[in-house]
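Here the structure comes first, spelled out in structure tokens, and everything after it is commentary.
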Amino acid sequence: MEEKIYIIGHKNPDTDSICSAIAYAELKKKQGDKREIIPARSGDINDETGFILKKFNIDPPSLLKDATGKKIILVDHSEPKQRPENSDKGEIIEVIDHHNINFQQATPILFHAEPLGSTSTIIARMYFEKNIDIEKGIAGILLGAIISDTVIFRSPITTQEDKDIAQKLKPIAEVDDLEAFGIEMFKAKSNWKEKSAHDIINTDYKEYELGGKNIGISQIETVDTSNLKERKDEFIEIMEHMSKERNLDTIIVLLTDIIKEGCLAFISGNSLEQIGKTFGKEIKDNEIYLPGVLSRKKQIVPPLEKAFSQ
Ligand code: MG
Ligand code: MG
Ligand code: MG
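For the sequence shown, the numbering used here begins at -1 and goes up steadily by one.
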């Protein structure tokens, strides 16, 4: 029996987690890796990712609910709280990521982390460096993931390399206009009307341990926040419930308007004063507006980590 390896992104997977897993599995196969390499996911696919996979005719990865006894490669995260269930009872054999590093392991592994806009940028570069053919579909989903994570190159996490790699993928994926493709993608996930606040929050929800505090942060990237703003009471109710259930100090929901380039943040929990101070504003009625903020990873998590660690 050949050895099985699962390549998997974070919980509540986003487009980068799904697409980098698929593309990295494909790359390993093309490089002649004889092990059985399986792209996997640890949760439901969001509407944006669904749109991209459909557009490029790529099958979604299979669901891996429990990593017990499994060999896994982590993509797009290293944080223990974001790993698949029971990954401590499996074996992590490799990590490829572009986030803060929260990883400790006794055995040596390949750990590849770079401050780039997406994990898919790293994977695409591996194809180019190794002169391995990229099929249209794989180029398309890698391109989609770069555009998603960098918010169409608007997010401050964007690097020149993300833009260069996207330009190289563009003709292979047969995409004419990156901006138009990006807006189409973000529109695909802006269909919040039929969704409950619980489902909306959990679409892109991550937990962090910052200075000993458990903080939950959800980010909702959208082309129009107005119909979400109106549902604030519904959001706060779910946030309070999640806080209790998941033992959080604070929960933050970022309504990120990618057109106006800013976040309206709903905040509930014990550390409102400290969080307000961190961003130089008073939190009134559980909300603050943060102009220019598009990136949870670069503009929200590091200042909070600093504030809570003092
Ligand atoms: Mg991600
Ligand atoms: Mg990513
Ligand atoms: Mg994202």
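The beta carbon of each residue, even a glycine, is placed where N, CA and C say it ideally should be.
The structure displayed is predicted, hence computed values, not measured ones.
Is the beta carbon of residue j closer than 8 angstroms to that of residue i?
i: PRO113; j: HIS96; result: yes
i: GLN103; j: ILE90; result: yes
i: ASN44; j: LYS211; result: no
i: ILE150; j: GLU182; result: no
i: ILE256; j: VAL221; result: yes
i: LYS53; j: GLY180; result: no
i: HIS8; j: ASP74; result: yes
i: LYS68; j: GLU1; result: no
i: LYS275; j: LEU253; result: no
i: GLN272; j: ILE130; result: no
i: ILE71; j: ILE132; result: no
i: GLY209; j: THR156; result: no
i: ILE215; j: ARG294; result: yes
If residue i and residue j are in contact, beta carbons under 8 angstroms, what's the gap, nearest whole angstrom?
i: SER118; j: CYS261; result: Rounded, the Cβ-Cβ distance is 23 angstroms, inconsistent with contact.
i: GLY48; j: ASN10; result: Rounded, the Cβ-Cβ distance is 14 angstroms, inconsistent with contact.
i: SER269; j: MET237; result: SER269 to MET237, Cβ: 14 angstroms. No contact.
i: SER60; j: ILE36; result: 7 angstroms
i: LYS204; j: GLN297; result: 14 angstroms between Cβ atoms; not a contact.
i: GLU285; j: ALA263; result: 6 angstroms
i: ALA21; j: ILE136; result: 5 angstroms
i: ILE50; j: GLY142; result: 4 angstroms
To the nearest angstrom, how far is the alpha carbon of residue i from that of residue j?
i: ALA23; j: GLU34; result: 9 angstroms
i: GLU127; j: LEU25; result: 12 angstroms
i: LEU292; j: PRO301; result: 14 angstroms
i: ARG123; j: ALA38; result: 21 angstroms
i: ALA111; j: PRO154; result: 18 angstroms
i: PRO82; j: PHE109; result: 18 angstroms
i: TYR4; j: LEU62; result: 8 angstroms
i: ILE145; j: ASP160; result: 9 angstroms
i: MET240; j: ASP283; result: 19 angstroms
i: ALA195; j: THR248; result: 17 angstroms
i: PRO106; j: VAL93; result: 11 angstroms
i: GLN217; j: GLU243; result: 19 angstroms
i: MET(-1); j: LYS32; result: For MET(-1), the pLDDT reaches just 42, beneath the cut-off of 50, and the residue's location in the model is therefore unreliable, although a value from the coordinates is still provided. So the alpha carbons of these two residues sit roughly 11 angstroms apart.
i: VAL173; j: ILE163; result: 14 angstroms
i: GLU303; j: LEU140; result: 30 angstroms
i: GLN308; j: TYR206; result: 16 angstroms
i: LYS166; j: LEU246; result: 43 angstroms
i: LYS230; j: GLU46; result: 23 angstroms
i: ILE99; j: ASN55; result: 33 angstroms
i: ALA65; j: SER76; result: 15 angstroms
i: VAL299; j: GLY278; result: 15 angstroms
i: TYR287; j: LYS27; result: 46 angstroms
i: ASP202; j: ASP12; result: 7 angstroms
i: ASP57; j: THR223; result: 31 angstroms
i: LYS168; j: THR148; result: 16 angstroms
i: LYS185; j: GLU259; result: 15 angstroms
i: GLU219; j: PRO289; result: 14 angstroms
i: GLU232; j: LYS191; result: 13 angstroms
i: TYR125; j: PHE101; result: 26 angstroms
i: GLN158; j: ASP175; result: 18 angstroms
For chain B, is any of its Cβ atoms less than 8 angstroms away from the one on residue i?
i: PRO11; result: Looking at the structure shown, chain B is missing, and only one protein chain is on hand.
Next item on the list: List in chain order the residues whose CB is within less than 5 angstroms of at least one heavy atom of ligand 1.
Entry: ASP12, ASP14, SER15 and ASP74
Next item on the list: Would you list, in sequence order, the uninterrupted beta strand (DSSP E) runs of no fewer than 3 residues that lie entirely inside the region 232 to 259?
Entry: 248 to 255
Next item on the list: Return the chain-ordered ranges of every alpha helix (DSSP H) run that is complete within the region 173 to 203 and spans a minimum of 4 residues.
Entry: 176 to 186 and 195 to 201
Notebook entry, point to check: In chain order, which alpha helix (DSSP H) runs of at least 4 residues are fully inside the region 14 to 86?
Noted result: 45 to 53
Notebook entry, point to check: Quick one: complete alpha helix (DSSP H) runs, 4+ long, within the region 78 to 130?
Noted result: 117 to 127
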